[in-house]
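These notes concern the structure reproduced below.
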Amino acid sequence: MTQPHEVFKPGDALLIVDVQNDFCPGGALPIEEGDRVVAVINPWIEAALEKGVPVYASRDWHPVGHVSFSEQGGDWPPHCVQDTPGAAFHKDLNLPGNTMVITKGVRFDQDQNSAFDQTGLAEEFRRSRIHRVFVAGLALDVCVQATVIDALAQGFETLVLLSATRPVTEEGGRIAVENMKKAGAVIYDQ
Ligand code: VGL
Ligand code: ZN
1 MTQPHEVFKP GDALLIVDVQ NDFCPGGALP IEEGDRVVAV INPWIEAALE
51 KGVPVYASRD WHPVGHVSFS EQGGDWPPHC VQDTPGAAFH KDLNLPGNTM
101 VITKGVRFDQ DQNSAFDQTG LAEEFRRSRI HRVFVAGLAL DVCVQATVID
151 ALAQGFETLV LLSATRPVTE EGGRIAVENM KKAGAVIYDQ
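Counting from 1, position 179 in the sequence shown corresponds to residue 179 in the UniProt record's numbering; the numbering is continuous, with no gaps.
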């Protein structure tokens, strides 16, 4: 097995998608084994720190009564409401102090599944001379997929750390992997 620190090189970034309490068992929108991604991601964070690779972490950060909530006709139970414990990053995720946090899902009129959707992240990557991004987190078939598809569309070489993700549904996960491959992602399966 290739070790994370052997993989990273200058121009890389690590992008951790929505590893928040509400997406873990016991949360408001629990993903089966969602918490298991933490132990897989931590060594990648450590390697990123060692290699000077920047770490980005997105968070779903919804206002009360967000359009994506079922009470408003949306697809999801209320989750990741701003400043609630459910919206906090998993406590065992070893995010460095200089992690760049991407806040999304704050719009009143629409959802933002992708960490690139109206956040300025593509511009930030270009400014920071990042051309290759490793993506991990939750959920594989929702926000990870949307983020990966956008990263590719923006011209970034994109690798998915598959064992550091979990899907909402197994079938959705399989379809997401196919979609991401078709779009040009490298599925990095340790
Ligand atoms: C997500 C459902 C609703 C995700 C966010 O982060 O994958 N899924 N909001
Ligand atoms: Zn959401």
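We put the CB at the ideal spot given by N, CA and C, even for glycine.
Considering only residues of the same chain and omitting the five flanking positions on each side of Pro77, which have a CB-CB separation below 8 Å? Residue mapping note: residue 77 aligns to position 77 of the sequence shown, counting from 1. Excluding residues up to 5 positions away in sequence, Ala28, Leu29, Phe69 and Ser70 lie with their Cβ nearer than 8 Å to the Cβ of Pro77 in the same chain.
Alpha helix (DSSP H) segment containing Glu157, residue limits: Along the sequence shown, read from residue 1 onward, the residue named residue 157 stands at position 157. Counting along the chain, Glu157 falls outside any alpha helix (DSSP H), though it belongs to the beta strand (DSSP E) covering Glu157 to Arg166.
Could you check if Asn113 belongs to the surroundings of ligand 1, using beta carbon to heavy atom distance under 7 Å? By 1-based counting over the sequence shown, the position of residue 113 is 113. Annotation for Asn113 indicates a beta carbon within 7 Å of some heavy atom of ligand 1.
Where does Asp117 fall in DSSP's three states? Counting from one through the sequence shown, the residue named residue 117 turns up at place 117. Residue state, collapsed to three classes: coil.
Span of the alpha helix (DSSP H), counted from its first residue to its last, around Ile102: Counted from its first residue, the sequence shown places residue 102 at position 102. Ile102 -> not in any alpha helix (DSSP H); beta strand (DSSP E) instead, spanning Met100 to Lys104.
Under three-state DSSP, which class holds Ala13? Counting from one through the sequence shown, the residue named residue 13 turns up at place 13. Note: Ala13 maps to strand in three-state DSSP.
So does His62 have its beta carbon nearer than 7 Å to some heavy atom of ligand 2? In the sequence shown, the residue the question calls residue 62 occupies position 62. Flag set: Cβ of His62 near ligand 2.
Taking the alpha carbon of Val168 as the reference point, which residue from Val144, Val7, Val106 and Phe116 has its own alpha carbon closest? For the purposes of this step, residue 168 is identified with residue 168 of the sequence shown, where counting begins at 1. Per the C-alpha coordinates, the member of Val144, Val7, Val106 and Phe116 positioned closest to Val168 is Val144.
Residue 225: which of Asn98, Gly172, Ala153 and Val160 sits nearest, CA to CA? This structure does not reach residue 225, given that the chain is present from 1 up to 190, and the question cannot be answered.
Go through its chain and collect everything with a Cβ distance to Gly173's Cβ below 6 Å, but skip five positions before and after it. The residue labelled residue 173 in the question sits at position 173 within the sequence shown. Same-chain partners within the cutoff: Leu140, Asp141 and Pro167.
How many whole angstroms separate the CB atoms of Leu159 and Val177, which I take to be in contact at a CB cut-off of 8 Å? Sequence index remark: in the sequence shown, residue 159 carries index 159 (1-based). Sequence index remark: in the sequence shown, residue 177 carries index 177 (1-based). In fact, because the Cβ distance is near 13 Å, the residues do not count as touching under 8 Å.
First and last residue of the beta strand (DSSP E) that includes Gly26? Here the question's residue 26 lines up with position 26 in the sequence shown. Per DSSP, Gly26 lies in no beta strand (DSSP E) and is assigned neither H nor E.
Would you verify that the beta carbon of Ala88 is, or is not, closer than 8 Å to some beta carbon of chain C? Note that chain C does not occur in the displayed structure, where there is just one protein chain.
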